[in-house]
Amino acid sequence: MTVLVDTNVLLRHFEPGHPHHRAAVDSITRLMESGEAVHVTPQNIAEFWAVATRSSAQNGLGLPVAVVAAALDHIERVFALLPDDSAIYAVWKRLVTAHGVIGNQVYDARLVAAMGVHGIRRILTFNAEDFARYGIEVMHPSAVS
């Protein structure tokens, strides 16, 4: 089976001092060791870059560009990057309209749209409530065994 990794799990994976770091690393390792295909999207990469480079005063990690670029190199080596596709827009538009999605939640809807286009039904995330409305399987990292 396949799973999409949410941006918050990617961020915690590269933030050793965060309380969720170990759960992020361990859950990804367990999924891969069990033969799961673990994916990210260009949307994840853009979100990761935005948060990782944003200052900590603005709720980011405040990492230097060179460090974030190295993290992206690692992500690209470890995870399968799903391609963007024009069909994602149509699915996203349907989702945000049907579910009344507003504000920053549009980014989660875009991940769900990419999942739908690529036939992925599961997402690994620390924010299960953000995806509850979409009828997909939500996996919390601490529940991956």
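Each residue of the sequence shown is one higher than the one before, counting from 0 in numbering that gives the first Met the number 0.
Glycine is no exception: its CB is placed at the ideal position from the N, C-alpha and C atoms.
As the structure is a computational prediction, the values presented were derived from the model and not from experiment.
Spatial neighbours of residue i in its chain, beta-carbon cut-off 7 Å, leaving aside the 5 residues before and after
| i | result |
| --- | --- |
| PHE78 | VAL4, VAL37, HIS38 and VAL39 |
| ALA113 | THR40, GLN42, LEU81 and ILE87 |
Alpha helix (DSSP H) segment containing residue i, residue limits
| i | result |
| --- | --- |
| ARG120 | ARG120 -> no alpha helix (DSSP H), and no H or E assigned at all. |
| ALA36 | Careful: ALA36 lies outside any alpha helix (DSSP H), inside the beta strand (DSSP E) at 36-39. |
| VAL8 | 6-12 |
| GLU136 | Not the alpha helix (DSSP H): GLU136 falls in the beta strand (DSSP E), residues 136-138. |
| THR72 | The displayed chain sequence assigns Asp, not Thr, to residue 72. Residues 64-77. |
| LEU94 | 85-97 |
Inter-residue Cα distance where the pair is residue i and residue j
| i | j | result |
| --- | --- | --- |
| ALA131 | VAL137 | 8 Å |
| ILE74 | VAL143 | 20 Å |
| SER85 | MET31 | 29 Å |
| PRO140 | ILE27 | 8 Å |
| VAL67 | TRP48 | 7 Å |
Contacting residues, own chain, Cβ-Cβ under 6 Å from residue i (five flanking each side not counted)
| i | result |
| --- | --- |
| GLY34 | none |
| PRO41 | ASP83 |
Residue i and residue j closer than 7 Å at C-beta
| i | j | result |
| --- | --- | --- |
| HIS19 | ARG11 | yes |
| VAL8 | ARG121 | no |
| ALA108 | VAL100 | yes |
| LEU60 | ALA70 | no |
Bridge-paired residues (DSSP) for residue i
| i | result |
| --- | --- |
| THR1 | ALA36 |
| LEU80 | VAL39 |
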